[in-house]
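A.B. asks:
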Amino acid sequence: MPKSAIPKGSTGFGMTRARFAATIVLIGIGLVWRLVPLGLSGLALKYGGSVLWAAMIYCPCAALRPRGSIAGSIAATALIASLVALVTEEASRLFHSPWLDAFRLTLPGALLLERGFSLWDLVADAVGIGVAALCERIHAGGRRP
Numbered sequence: 052m053p054k055s056a057i058p059k060g061s062t063g064f065g066m067t068r069a070r071f072a073a074t075i076v077l078i079g080i081g082l083v084w085r086l087v088p089l090g091l092s093g094l095a096l097k098y099g100g101s102v103l104w105a106a107m108i109y110c111p112c113a114a115l116r117p118r119g120s121i122a123g124s125i126a127a128t129a130l131i132a133s134l135v136a137l138v139t140e141e142a143s144r145l146f147h148s149p150w151l152d153a154f155r156l157t158l159p160g161a162l163l164l165e166r167g168f169s170l171w172d173l174v175a176d177a178v179g180i181g182v183a184a185l186c187e188r189i190h191a192g193g194r195r196p
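The numbering of the sequence shown is my numbering, which starts it at 52 and goes up by one.
1) Applying the 10 Å Cβ sphere with the 16-neighbour rule, what's the burial state of LEU158?
2) Determine the closest residue to SER143 out of GLY167, LEU134, ALA127 and LEU162, with distance taken between C-alpha atoms.
3) Under three-state DSSP, which class holds PRO88?
4) To the nearest angstrom, how far is it from the Cα of LEU103 to the Cα of ALA184?
5) Check whether the segment 126-136 touches the segment 90-98, counting contact only when three or more Cβ pairs, one atom from each stretch, lie closer than 8 Å.
6) If the criterion is Cβ atoms closer than 9 Å, does the pair CYS110 and LEU77 meet it?
7) Which same chain residues, not among the five before or five after GLU141, have their C-beta less than 6 Å away from its C-beta?
8) Give the secondary structure of ARG166 by DSSP, where H, G and I count as helix, E and B as strand, and everything else as coil.
9) For HIS147, name the three-state secondary structure that DSSP assigns.
10) Below 8 Å on the Cβ atoms is my contact criterion, and I expect ASP152 with ALA105 to pass it. Report the Cβ-Cβ distance as a whole number of Å.
11) Could you give the distance in angstroms between the alpha-carbon of ALA122 and the alpha-carbon of ALA129?
Structure below.
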């Protein structure tokens with residue numbers, strides 16, 4: 052039987068719980084980042100929030116990935132799934148309808164969908180996913196998580 056991809060001393064369930072806990076922590080940090088006046092520049096506020104959002108999307112993708120997926124790597128599967136989700140979400144900003152535009156003007160709509168399409172958001176998303184994957188790799192001690 053091949054060696055487990057799960058770090059020694061960890062259970063699959065424990066790693067899944069840790070990823071969901073990270074999701075909740077990132078949601079909290081993201082809400083504080085966007086809603087509490089921290090004195091951040093507009094650039095840091097917008098793109099920092101996008102980096103946090105993308106990292107938050109990565110965590111449940113890593114937690115829910117099926118065993119034995121792409122080369123057995125959680126990171127590869129989660130990277131692909133989160134990139135697909137975030138590119139789809141960004142592309143949805145190109146779609147406009149009265150009800151969707153009205154939703155985008157609300158606080159939940161602004162937090163979830165934002166208002167406009169930007170390629171720079173995709174760059175920030177890629178950075179967030181990469182940072183989350185790197186943190187997971189470090190947490191796993193260099194072994195495949």
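Heads up, the beta-carbon is just placed ideally off N, CA and C, and yes, glycines get one too.
C.D. replies: On the basis of the supplied data:
1) Here residue 158 is taken as the residue at index 107 of the sequence shown, counted from 1. Exposed.
2) Walking along the sequence shown from the start, residue 143 turns up at place 92. Here the closest residue by C-alpha is GLY167.
3) The count along the sequence shown starts at 1 and reaches residue 88 at position 37. Three-state result, PRO88: coil.
4) Residue mapping note: residue 103 aligns to position 52 of the sequence shown, counting from 1. Residue mapping note: residue 184 aligns to position 133 of the sequence shown, counting from 1. Using only the alpha carbons, I get a separation of about 13 Å.
5) no
6) Here residue 110 is taken as the residue at index 59 of the sequence shown, counted from 1. Here residue 77 is taken as the residue at index 26 of the sequence shown, counted from 1. For CYS110 and LEU77, yes; Cβs fall inside 9 Å.
7) Within the sequence shown, the letter at position 90 stands for residue 141. Closer than 6 Å at Cβ, skipping near neighbours: ASP172 and LEU173.
8) By 1-based counting over the sequence shown, the position of residue 166 is 115. Note: ARG166 maps to coil in three-state DSSP.
9) Looking up residue 147 in the sequence shown gives position 96. Three-state DSSP puts HIS147 in coil, outside helix and strand.
10) Stepping through the sequence shown from its first residue, residue 152 is reached at position 101. Stepping through the sequence shown from its first residue, residue 105 is reached at position 54. Not quite, the Cβ-Cβ distance comes to about 24 Å (not below 8 Å), so this is no contact.
11) In the sequence shown, the residue the question calls residue 122 occupies position 71. In the sequence shown, the residue the question calls residue 129 occupies position 78. At ALA122, the pLDDT of 44 sits below 50, so the modelled position is not reliable; the number obtained from the coordinates is stated separately. For ALA122 and ALA129, the distance between alpha carbons rounds to 12 Å.
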